[in-house]
């Protein structure tokens with residue numbers, strides 16, 4: 095291992111430790127209040143609506159995860175963590191730019207186009223996670239890797255309590271073994287609750303375009319950081 099590689103791993107371990115502490119921290123009073131309000135709203139929504147939304151997101155996400163076109167190539171077999179993460183950051187920058195342009199375009203197009211941003215942004219995020227997994231050396235043709243990707247997705251876009259539960263399940267080997275074991279309702283509800291407030295302003299005239307661009311930039315950046323630390327956990331555990 096070169097000095098540059100060793101220095102990079104030292105920094106990566108420190109960043110991972112700080113990230114883990116943030117993931118496991120108790121939610122702030124403001125976060126608790128916002129979550130409580132969202133739970134009240136959710137209780138007002140009929141179960142059949144929840145079930146319908148869950149089914150749509152499940153089918154859409156299953157379709158994305160099952161798509162062979164999301165597999166960009168075989169996993170990267172050789173490379174230090176420093177070399178791999180240089181390529182990961184380049185991938186994050188590229189997908190972040192695509193999401194920013196897409197969010198700005200749909201935000202400028204009114205309600206219908208802004209609503210279309212929802213599945214498009216999920217597709218961009220999942221594609222990014224596929225590429226990151228391959229760069230860390232993991233084969234996304236394996237269903238277990240795809241379920242790990244869904245766990246990363248939840249780490250990035252969930253409330254504090256659920257995020258902590260997901261991280262503990264990942265570190266303790268308690269992840270779902272099959273797609274049928276996956277809690278799709280919890281997945282869609284946490285994701286929807288997390289991004290609702292951020293994305294609502296995208297539906298407004300005039301400000302929709304800049305808000306859509308900024309929000310998408312931030313969400314993809316956050317997902318990239320989460321994915322890097324999730325794969326660092328596996329890198330340092332072996």
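Numbering (my numbering), first residue to last: 95 to 332. Even glycine gets a Cβ: it sits at the ideal position worked out from N, Cα and C.
- Short of 8 Å from the beta carbon of residue 263, and not among the five residues preceding or following it, lie these beta carbons of its own chain, in chain order: 245, 269.
- A distance below 7 Å between beta-carbons, with the five flanking residues on each side excluded, links residue 118 to the following residues of its chain, in chain order: 258, 261.
- Residue 323 is classed as buried because its beta carbon has at least 16 other beta carbons within 10 Å across all chains shown.
- Residue 307 is not a Cβ neighbour of residue 226, given a cutoff of 8 Å.
- Remark: C-beta atoms of residue 106 and residue 332 do not approach each other more closely than 8 Å.
- Three or more Cβ pairs closer than 8 Å define a contact, and the region 269 to 282 meets that threshold against the region 233 to 253.
- Between the alpha carbons of residue 97 and residue 149 lies a gap of roughly 50 Å.
- Apart from the 5 residues on each side of it in sequence, residue 233 sits with its Cβ closer than 7 Å to the Cβ of 169, 239 in its chain, given in chain order.
- The three-state secondary structure of residue 287, taken from DSSP, is helix.
- In the DSSP assignment, residue 272 falls outside any alpha helix (DSSP H), carrying neither H nor E.
- In this structure, residue 224 lies away from residue 174, with their beta-carbon atoms at least 8 Å apart.
- Burial of residue 281 is indicated by the presence of at least 16 other C-beta atoms within 10 angstroms of its C-beta.
- With 16 or more other Cβ atoms from the protein chains shown falling within 10 Å of its own Cβ, residue 252 counts as buried.
- If you draw a straight line from the Cα of residue 156 to the Cα of residue 314, it comes to about 20 Å.
- Contact check for residue 217 and residue 310: beta-carbon distance about 12 Å, past the 8 Å limit, so the pair fails to qualify.
- Within the same chain, and ignoring the five residues on either side of residue 185 in sequence, the residues whose Cβ sits closer than 6 Å to its Cβ are 225.
- Counting only the Cα atoms, residue 248 lies some 14 Å from residue 265.
- Nearest C-alpha to residue 255 among 328, 108, 102, 116: 116.
- Annotated as distal: residue 317 and residue 214, with beta-carbon spacing of 8 Å or more.
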